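Visitor: Number 199 marks the last residue of the sequence shown (the numbering used here); no jumps.
Don't be surprised by glycine CBs; every beta carbon is placed ideally from N, CA and C.
Predicted model only: the values in this text are computed from it and were never measured.
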Amino acid sequence: MANKYMDTDLLDRAIIFAVKAHHNSERRGKGFPYIVHPMEAVGIVATITPDQELLAAAALHDTIEDTDVTLEDIRREFGERVARLVEAESDQFKEGIPEEEDWHERKQVAIDRLRRASRDAKIVAMGDKLSNMRAIYRDYMTQGDALWHIFHVTDKASHEWHYRKLAESLCELSDTFAYKEFVELIDAVFRK
């Protein structure tokens, strides 16, 4: 049986670009290469859509937030739609203010932006957020509440607020397996 041809040129280029951008960086507190997270996000998005631009955006979603790559670099290499999707998934940091000081405000802005976002942007966000929640769940099962100390904000209740609000903002995707897994993991980590 012959394989059906699928044009993956854009995704292939995005993966290579992301690998180079995240070269020699470690996922905070995880002990593995950072690129594992964007690749997991791509896999999650692929369970929702075969759209190559959404898959490319998932691969690139942390490049402008966590590397020297600019939004213009993404736009030039991958086009306007991918650039908009990556921008929608990037936190907006205030210069000169430590992450923990504006964390809640920054997360609220991101939650509000996600609530108003297109379905496409929500799909890319689902890849990122579910990958993050899987990591939190795995770490919580082995470390318990000590897990929260790897974050800039160490208050478990703040993380619960953040993830439950993300779930509300992503409820348009409630018909997907990814969303259902996301909510199940939130409930497992933050059960009352």
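If you compare alpha carbons, which of Lys-187, Phe-184, Tyr-186, Arg-198 is closest to Phe-168?
Guide: For the purposes of this step, residue 168 is taken as residue 161 along the sequence shown, with counting starting at 1. According to the sequence shown, residue 168 is Trp rather than Phe. Comparing Cα-Cα distances from Trp-168 to each of Lys-187, Phe-184, Tyr-186, Arg-198, the minimum goes to Arg-198.
Visitor: Mapping DSSP to helix, strand and coil, what is Pro-40?
Guide: As a working mapping, residue 40 is identified with position 33 in the sequence shown. Correct three-state label for Pro-40: strand.
Visitor: Report the rounded CA-to-CA distance for Arg-55 versus Asp-127, giving the unit in angstroms.
Guide: Counting from one through the sequence shown, the residue named residue 55 turns up at place 48. Counting from one through the sequence shown, the residue named residue 127 turns up at place 120. Per the sequence shown, residue 55 should be read as Ile rather than Arg. Near 10 Å, if we compare the C-alpha coordinates of Asp-127 and Ile-55.
Visitor: Looking only at its chain, what residues have a beta carbon closer than 8 Å to the beta carbon of Glu-179, apart from the 5 residues adjacent to it on each side?
Guide: Your numbering for residue 179 matches position 172 in the sequence shown. The residues are Arg-126, Lys-129.
Visitor: Closest to Gly-50 by CA distance: which of Asn-31, Asp-73, Glu-72, Leu-18 is it?
Guide: Translated into the one-based positions of the sequence shown, residue 50 becomes position 43. The option with the nearest alpha carbon to Gly-50 is Leu-18.
Visitor: Tell me, please, whether the region 129–140 touches the region 75–83 by the rule of three or more beta-carbon pairs shorter than 8 Å.
Guide: No, because fewer than three Cβ pairs between the region 129–140 and the region 75–83 fall closer than 8 Å, the two stretches do not touch.
Visitor: Report the option in Ala-174, Ile-157, Ala-164 whose CA atom is closest to the CA atom of Thr-38.
Guide: Against the sequence shown, residue 38 aligns to sequence position 31. In the sequence as presented, Thr is not what sits at residue 38; that position holds Gly. Comparing Cα positions, the closest option is Ile-157.
Visitor: Using three-state DSSP, classify Glu-96 as helix, strand or coil.
Guide: Here residue 96 is taken as the residue at index 89 of the sequence shown, counted from 1. Three-state DSSP puts Glu-96 in coil, outside helix and strand.
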